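A.B. asks: Those sequence lines, one after another, are chains Y and G. If you read the first sequence in my numbering, its first letter stands for residue 1, the second for the next number, and so on. If you read the second sequence in my numbering, its first letter stands for residue 159, the second for the next number, and so on. For every residue, glycine included, the Cβ atom is placed at its ideal position computed from N, Cα and C. Small disclaimer: the values here were computed from a predicted structure and weren't measured.
Protein chains: 2
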Amino acid sequence: MQPENKMDILKSYIEAKGLKSTTQRDFIADTFFRTNTHISLDELLKKVRRKTPNIGYATVYRTMKLLTECGLAISRQFGDGQTRYENLPEDGHHDHIICTECGKITEFANVEIEALQEQVVRRLGFHIQYHKLELYGLCRDCSAHAGRAPGMHALGGG
Amino acid sequence: MQPENKMDILKSYIEAKGLKSTTQRDFIADTFFRTNTHISLDELLKKVRRKTPNIGYATVYRTMKLLTECGLAISRQFGDGQTRYENLPEDGHHDHIICTECGKITEFANVEIEALQEQVVRRLGFHIQYHKLELYGLCRDCSAHAGRAPGMHALGGG
DNA sequence: GATCCAATTGAAAATGAATGTCTTTGTCAT
DNA sequence: ATGACAAAGACATTCATTTTCAATTGGATC
Numbered sequence: 001m002q003p004e005n006k007m008d009i010l011k012s013y014i015e016a017k018g019l020k021s022t023t024q025r026d027f028i029a030d031t032f033f034r035t036n037t038h039i040s041l042d043e044l045l046k047k048v049r050r051k052t053p054n055i056g057y058a059t060v061y062r063t064m065k066l067l068t069e070c071g072l073a074i075s076r077q078f079g080d081g082q083t084r085y086e087n088l089p090e091d092g093h094h095d096h097i098i099c100t101e102c103g104k105i106t107e108f109a110n111v112e113i114e115a116l117q118e119q120v121v122r123r124l125g126f127h128i129q130y131h132k133l134e135l136y137g138l139c140r141d142c143s144a145h146a147g148r149a150p151g152m153h154a155l156g157g158g
Numbered sequence: 159m160q161p162e163n164k165m166d167i168l169k170s171y172i173e174a175k176g177l178k179s180t181t182q183r184d185f186i187a188d189t190f191f192r193t194n195t196h197i198s199l200d201e202l203l204k205k206v207r208r209k210t211p212n213i214g215y216a217t218v219y220r221t222m223k224l225l226t227e228c229g230l231a232i233s234r235q236f237g238d239g240q241t242r243y244e245n246l247p248e249d250g251h252h253d254h255i256i257c258t259e260c261g262k263i264t265e266f267a268n269v270e271i272e273a274l275q276e277q278v279v280r281r282l283g284f285h286i287q288y289h290k291l292e293l294y295g296l297c298r299d300c301s302a303h304a305g306r307a308p309g310m311h312a313l314g315g316g
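Encoded structure:
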């Protein structure tokens, strides 16, 4: 989906909720729509301030909250203590592999896994809304020169 | 695994690292080993203080950090802003289904899903260490009387 | 274009969980 | 018993996030 379309969705949502459109919010949203990484608030703020230096943290925060509400952004916690935002995926759902050494985040999709999940959930009487699958490990590069003290960019067990 | 065995593992770990065993730590660990929920620090502290009122937050925090280090506890974030601790599973790895309405956490295990994950990871050149799979949705009870404004006990998309 | 009202902004303060500091206390080997 | 050193407990600090509030702005209406 192109940024323009997302912008339209946002406008509709704003109108429907009786909110007002503002220069700051539009610019923050547009900036976010043009990223394709899992961006944190700090990173997004930095990006936004390159063109509009006086925008406040709270405004970015509130904008991302709004985008998350209307489904245009997805908020994720990968365990490093920072919430990251991801653009509405173009090609459907995907999951993540996070390198525990360098922190690199790779996306992947697998239909069979999704199908199995559906089965499991139905069997337990649940009505699924969404899911998170995160694999943690060493990426190819970090596997190569492994053997040192690990840095652990992300915590949590499983 | 029984609490006694876990206690032994802890003692070994403490000894191996040249640490000292203390009444407080033992009691906190024992209390934790006897829970079978995904308990937060606050909840555990409350539980501990029922018998030992003067134990501090920091001590519980440090004990859980220690237990996590030696693999006897697993720390998890389900998106409600609090870290929860889970006992070392008796029957191997499992994943979670979280009800977005009432917050209930249900465990499940599925070997096929695990196998598929392995495949995906290998294909991408990653060396897996651990993973998290969390399904979010409505449990049987909450599905039954659905239709009201949802409470959303956990955030995040997918 | 002027006016009014509600939403928005930005700075600062508040919150809340996690972690660090520091003094006192407890453990354990000698 | 005692001395060295880890741990406890109280408190302070950090850090991300969220709220507060006065000033500003958007946009509907006159």
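Find out if the Cβ-Cβ distance for the pair Ile172 of chain G, Thr217 of chain G is shorter than 8 Å.
C.D. replies: Using a Cβ distance threshold of 8 Å, Ile172 of chain G and Thr217 of chain G do not count as a contacting pair.
A.B. asks: Under three-state DSSP, which class holds Lys178 of chain G?
C.D. replies: Looking at Lys178 of chain G - three-state DSSP - the assignment turns out to be coil, as it is neither helix nor strand.
A.B. asks: So with Cβ pairs under 8 Å, would you call Ile186 of chain G a contact of chain Y?
C.D. replies: no
A.B. asks: Pick out whichever of G:His254, G:Cys297, G:Glu201, G:Glu272 has its Cα sitting closest to the Cα of Gln240 of chain G.
C.D. replies: Residue G:Glu201 is the option with its Cα nearest to Gln240 of chain G.
A.B. asks: Any idea what DSSP makes of Phe266 of chain G, helix, strand or coil?
C.D. replies: Reduced to three states, the DSSP call for Phe266 of chain G is strand.
A.B. asks: Which value, in whole angstroms, describes the spacing of the CA atoms of Val48 of chain Y and His196 of chain G?
C.D. replies: 39 Å
A.B. asks: Does any residue of chain Y have a CB that is nearer than 8 Å to the CB of Asn245 of chain G?
C.D. replies: no
A.B. asks: Sort out for me which residues DSSP pairs Gly295 of chain G with in a bridge.
C.D. replies: As a beta-bridge residue in DSSP terms, Gly295 of chain G pairs with Y:Ile128, G:Cys257.
A.B. asks: How should Ala231 of chain G be labelled, buried or exposed, when 16 other C-beta atoms within 10 angstroms of its C-beta is the threshold for buried?
C.D. replies: Answer is buried; the Cβ neighbour count reaches 16.
A.B. asks: Can the beta-carbon of Gly295 of chain G be found closer than 8 Å to that of Phe126 of chain Y?
C.D. replies: yes
A.B. asks: Identify which residue in Y:Gln129, Y:Ile9, Y:Gln119 has its Cα closest to the Cα of Cys257 of chain G.
C.D. replies: Y:Gln129
A.B. asks: Tyr57 of chain Y: buried (16+ other C-beta within 10 angstroms of its C-beta) or exposed?
C.D. replies: Under a 10 Å Cβ-count criterion, Tyr57 of chain Y is classified as exposed, with fewer than 16 other Cβ atoms of the shown protein chains found around its own Cβ.
A.B. asks: Chain Y beta carbons: is any one of them nearer than 8 Å to that of Gln240 of chain G?
C.D. replies: no
A.B. asks: Tell me whether Glu248 of chain G sits in a helix, a strand or coil according to DSSP, three-state version.
C.D. replies: Per DSSP, reduced to three states, the secondary structure at Glu248 of chain G is coil, with no helix or strand assignment.
A.B. asks: Quick check on this structure: which residue in Y:Pro53, Y:Cys139, Y:Leu10, Y:Lys51 has the alpha carbon closest to the alpha carbon of Glu101 of chain Y?
C.D. replies: Y:Cys139
A.B. asks: Do you know offhand how far Leu133 of chain Y's Cα is from Arg192 of chain G's?
C.D. replies: 29 Å
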